[in-house]
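Sequence lines, in order, name chains W and H. The first sequence begins at 1 in UniProt numbering and counts up by one. The second sequence begins at 1 in UniProt numbering and counts up by one. Cβ coordinates follow ideal geometry from the N, Cα and C atoms, glycine included. Note that the structure is predicted; figures quoted are calculated from it, not measured. A short write-up of the structure that comes next.
There are 2 protein chains.
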Amino acid sequence: PPGRKVLIVYAHQEPKSLNGSLKRVAVEELSKQGCSVTVSDLYAMQFEPRATRNDIVGCLHNSEEFNYGMETWEAYKRGGLSSDLIEEQKKVQEADLLIFQFPLYWFSMPAIMKGWMDRVLVQGFAHEFPNCYDSGLLKNKLALFSFTTGGSREMYAKGGISGDIRYLLWPMQHGIMHFCGVKVLAPHICFAPEYASEEKRKEMLTAWAQRLKTLWKEEPINCSPEWYFK
Amino acid sequence: PPGRKVLIVYAHQEPKSLNGSLKRVAVEELSKQGCSVTVSDLYAMQFEPRATRNDIVGCLHNSEEFNYGMETWEAYKRGGLSSDLIEEQKKVQEADLLIFQFPLYWFSMPAIMKGWMDRVLVQGFAHEFPNCYDSGLLKNKLALFSFTTGGSREMYAKGGISGDIRYLLWPMQHGIMHFCGVKVLAPHICFAPEYASEEKRKEMLTAWAQRLKTLWKEEPINCSPEWYFK
């Protein structure tokens, strides 16, 4: 709907890839709806995934023993985080919906996107004890994980060799997004596009565009073990 | 036992941290046993976590559309991977046991270590269809995930707010290690050391040294959904 803000965090090296096309489809469809869409293209930005002392500008709270979580928390409070983090946090703060678009690497997101989570979702900004899970600081936002897999739908079925695809969503959806208070929409999964025909790949893009048309009417998943493991 | 080779992949910024101490304890105890121990200290090496075109030396197989998995597979076969990857692969190849030592970041390993998985465990080296899972190319090796958490043991219990700690081990142990044929020993978990007394932290170090004494007699876990989710 007009006025809604969307941040797409996108991690693929190749604009011509299916992930690149899925990202473009989302930008087009959501813009058509009147949403304002921002993209963080992590590889293009050469986003830094490593959590280091460079993330804190100026003096450390405890320079005797470097504690990343503590130092970024303190730096956040005094406005002393590095500028690339502040920029990403602003985008998150403004967004109603976060879409993560990536190829599944080793049952999870690529390291460059994991680094975005590690560095951007700082204590004080995204959560602050006891404000986590349903009272996380990013509540009232939605998130959606949209990804492609190498393995087939059959491999990721409940009895399949790689186990139910939902098993691997737990750390990303519950462990990160739900922890920060974000409500999670059902994932969007394109299985094994590398082994699909050109026609099937086109169908995948159409299906995504179609889903986005009614996305804002969707209910979040029940982010409890029942959804993931039963 | 004398002659066994161990690779410790270690991801903490601060040598004085508990993770730093756990790593040192492992080096000491295993060396005392006569093992040959190698450490990949990822932050000290400024290890690159991003999977990019830089990982391939020379021409691409398909320069029209960059496909990281395909390109690194081809590069591996012709000896054209970047030298930092070749070096890590040599260490893996020689090791009987891989120990991953890290603080849990967002229900998973820090991005710098995820990048090690993404970039080092290349198709052709670690797996090659249909050689995955029990026939993965790194079979006859053992792996052990040793990590510290922010949350308490109670939070990570079955009925706890963060769910059973085993849920989040699935992508790392089954999705990565088991996929490559590596057998997985029970994880070693230090819960919430930041909130523990100095005495409790010392006990954590002693317990780890103690476990290492009989490590080679341990049986791997049953790496199936039953172990993780029941």
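Same chain only: Cβ atoms within 7 angstroms of residue i, ignoring 5 sequence neighbours per side
i	result
R201/W	L18, P193
E128/H	L137
C132/H	F179
G124/H	W73, Y76, K77
A126/W	G136, L137, L138, C180
Pick from the options that is closest to residue i, judged by C-alpha positions
i	options	result
F191/H	V184/H, L205/H, C180/H	L205/H
V25/W	E219/W, L212/W, E218/W	L212/W
G34/W	F125/W, S21/W, K5/W	K5/W
A207/W	W216/W, I189/W, A196/W, P220/W	I189/W
V182/W	E88/W, R78/W, L98/W	L98/W
Y105/W	F107/H, T52/H, D118/H, M155/H	D118/H
T148/W	Q46/W, A196/W, G80/W	A196/W
T38/W	E199/W, T52/W, Q93/W, L7/W	L7/W
A95/H	L142/H, C223/H, E203/H	L142/H
V158/H	G159/W, S224/W, E198/W, F107/W	It should be noted that the sequence gives Lys, not Val, for residue 158/H. Taking only the C-alpha atoms, the option nearest K158/H is S224/W.
E219/W	K90/W, F229/W, N140/W, K230/W	N140/W
S21/H	K230/H, M45/H, E203/H, L215/H	E203/H
L169/H	T214/H, P130/H, F229/H	F229/H
M177/W	V92/W, E199/W, A51/W	V92/W
Assigned exposure category for residue i - 16 Cβ within 10 Å defines buried
i	result
S83/H	exposed
G151/H	buried
G175/H	buried
P2/H	exposed
C59/H	exposed
R153/W	exposed
Q101/W	buried
Q173/H	buried
S146/W	buried
D134/W	exposed
K217/W	exposed
K23/H	buried
P171/H	buried
Cutoff 8 angstroms; reference residue i; Cβ partners in own chain excluding five residues on either side
i	result
Y43/W	A11, H12, Q13, I112
W227/W	R166, I221
N80/W	Here the sequence assigns Gly to residue 80/W, which means Asn is not the residue at that position. Here the set comprises I56, V57, G58, E74.
Same chain only: Cβ atoms within 6 angstroms of residue i, ignoring 5 sequence neighbours per side
i	result
P49/W	A111, I112, G115
V122/W	T72, Y76
residue 247/H	For chain H, the structure presents residues 1 to 230; residue 247/H sits outside this window and is missing.
E88/H	V120
M109/W	F102
S40/W	V9
A209/W	V25, E29
L144/H	I99, L185
V27/H	V37
7 angstroms Cβ cutoff, residue i in contact with chain B
i	result
A196/H	The chain labelled as chain B is not found among the protein chains of the depicted structure, namely W and H.
Any beta strand (DSSP E) of 3 or more consecutive residues that is wholly inside the region 120-167 of chain W: Along the region 120-167 of chain W, the beta strand (DSSP E) occurs as fully enclosed runs of 3 or more residues at 142-148, listed in sequence order.
Cβ pair count under 8 angstroms reaching 3, the region 59-67 of chain H against the region 7-22 of chain W: Contact between the region 59-67 of chain H and the region 7-22 of chain W is present, because at least three Cβ pairs lie under 8 angstroms.
The region 157-166 of chain H contacting the region 27-44 of chain H, beta-carbon criterion three pairs below 8 angstroms: no
Any beta strand (DSSP E) of 3 or more consecutive residues that is wholly inside the region 161-216 of chain W: 188-190
Complete beta strand (DSSP E) runs within the region 26-96 of chain W (minimum length 3 residues, chain order): 36-41
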